[in-house]
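Residue numbers (the working numbering), protein chains in the order written: chain S, 4 to 212; chain L, 4 to 212.
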């Protein structure tokens, strides 16, 4: 790498600072939206929460809607990436489904405020954003459904329509944002393991007795 | 029964009419709150949706908050009553749990708008109402947890902390308000049966193989 000029170093620092402030604003907005609801929060609140004036926030985001959109689309994308890492391993369907449920539960427990916002504030998105979110949801569900269907085809899973299984499994995990307590008696990993185990066991095709 | 006087008949009709209008207002508010969110809806909207003026609504409810409270507390009470009918039968824990999960899923699918409001608008209740809702939720969960614990004690269920099982089972059912489609390929009863079966099977204690 060529040695950096002073100007490049300054630009690097400025760009890192900007990225940092952007993240700070998104984190502040996430906490406030989750606590009070999107409509009840103003750009002033988001700024004041960080000791900034609202002009700082407007430098990074053109509107409250853009903040909401960034929150929703970026984190959903991280959920999707983590599931794709599993599906790309081409594991046997039973093993894959168990890992995917476990990962989804962990993603929710790592982002409970986000899951709350995602669940409650979809109506606040504009029509184009809503369409995009629905597409992302369909893609996400489809990853789970095709693994379940592959398992049914191999005789591993019970013949239950995959959208019912996936609606149930994701719902079980999504609801964690309501009750999961990081200070509770079980760790996120333990809860995720229990959920993966209950669902895998519950879906297994057994010989008639 | 003594013959009714004209005044009694008139009073009967008036009281039936009042009860009817009350229900109409609650149904209108439920639909609007679920669609647009509590904060975005005015008493005017609730009234206009029925072709009334807002003074009619104020005759029955002193505020928008009272409408929300009536919606939340009455329907939650109906959920609770239906589960208590099952627990009072003193069935074996595995049979009881399966019936309770099935019933909870059906209650959600019969009241998807309500479940959405209950889930999204708790922050809009006043502190006393919120405390009361939390107590109702604890009582509801406790009915499920004690059945699960009885099952563990009898060696029927896996030794998993009951709050994890109940959080998972209720979450699985609660999420139905997001995706259940009354015009879908499966009936509410079929979905409820699948959920009850997956969870019961997933919770069964099996001899080590």
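C-beta: ideal position from N, C-alpha, C; glycine also. All values derive from a computational prediction rather than experimental measurement.
query: Spatial neighbours of residue 132(S) in its chain, beta-carbon cut-off 7 Å, leaving aside the 5 residues before and after; result: 72
query: Pair within 7 Å by beta-carbon distance, residue 204(S) and residue 146(S); result: no
query: CB contact below 7 Å: residue 158(S) versus chain B; result: The structure shown contains no chain B; the protein chains it does contain are S and L.
query: Through-space distance from residue 164(S) to residue 198(L), alpha-carbon basis; result: 12 Å
query: Cβ contact check for the segment 87-104 of chain S and the segment 136-151 of chain S: 3 or more pairs under 8 Å; result: yes
query: Option in 42(L), 153(L), 40(L) and 53(L) with minimal Cα separation from residue 97(L); result: 153(L)
query: Contact belief for residue 179(L) with residue 108(L) at Cβ below 8 Å, rounded distance in angstroms; result: 6 Å
query: Nearest residue (CA-CA) to residue 21(S), options 193(S), 59(S) and 82(S); result: 59(S)
query: Spatially closest choice to residue 125(L) from 151(S), 176(S) and 40(S), by CA coordinates; result: 40(S)
query: With 16 other Cβ atoms within 10 Å as the buried cut-off, status of residue 114(S); result: buried
query: Own chain partners of residue 46(S) with C-beta closer than 6 Å, once the 5 adjacent residues on each side are dropped; result: 57, 60 and 67
query: Collapsed DSSP secondary structure at residue 64(S) in the structure displayed; result: coil
query: 7 Å Cβ cutoff, residue 212(L) in contact with chain S; result: With a pLDDT of 49 at residue 212(L), under the threshold of 50, the modelled position of that residue is not reliable, and the figure given next carries that caveat. Answer no: the Cβ-Cβ gap between residue 212(L) and chain S never drops below 7 Å.
query: Cβ distance (whole Å) where residue 44(L) is taken to contact residue 28(L) below 8 Å; result: No, residue 44(L) and residue 28(L) are not in contact; Cβ-Cβ is about 12 Å, not under 8 Å.
query: Buried or exposed (CB count within 10 angstroms, at least 16 for buried), residue 121(S); result: buried
query: Collapsed DSSP secondary structure at residue 24(L) in the structure displayed; result: helix
query: Per-residue contacts from residue 167(L) into chain S (C-beta, under 7 Å); result: 189, 194 and 197
query: Buried versus exposed call for residue 26(L) [16 or more other C-beta atoms within 10 Å across all chains shown]; result: exposed
query: Start-to-end residues for the alpha helix (DSSP H) that takes in residue 131(L); result: 130-156
query: Within 8 Å of chain L by C-beta, residues of the segment 35-49 of chain S in sequence order; result: 38, 39, 40, 42 and 43
query: Coil, strand or helix - residue 44(S) by DSSP; result: coil
query: Contact under 7 Å by Cβ, residue 167(L) with residue 168(S); result: no
query: Interface partners of residue 163(S) on chain L, CB under 8 Å; result: 197 and 201
query: Limits of the alpha helix (DSSP H) - the one that residue 192(L) falls within; result: 191-206
query: Within chain S, the residues that residue 179(L) reaches when beta carbons sit closer than 9 Å; result: 170, 171 and 174
query: Contact with chain L by residue 123(S), beta-carbon distance below 7 Å; result: yes
query: Identity of the residues DSSP links to residue 160(S) by a beta bridge; result: 207(S)
query: Residue 37(L) to residue 161(L) span [Cα, whole Å]; result: 38 Å
query: Secondary structure of residue 212(S), DSSP reduced to three states; result: Low per-residue confidence applies at residue 212(S): pLDDT is 49, beneath 50, and the placement is therefore not dependable, though the value from the model is reported in the following sentence. Coil.
query: Residues that residue 126(L) contacts on chain S, provided the C-beta gap is smaller than 9 Å; result: 38, 39, 40 and 43
query: Residue 127(L) - DSSP class collapsed to helix/strand/coil; result: helix
query: Residue 1(S) to residue 24(S) span [Cα, whole Å]; result: Residue coverage of chain S in this structure runs from 4 to 212, which leaves residue 1(S) outside it and unanswerable.
query: N- and C-terminal bounds of the alpha helix (DSSP H) containing residue 98(L); result: 96-113
query: Distance CB(residue 112(L))-CB(residue 183(L)) smaller than 7 Å; result: yes
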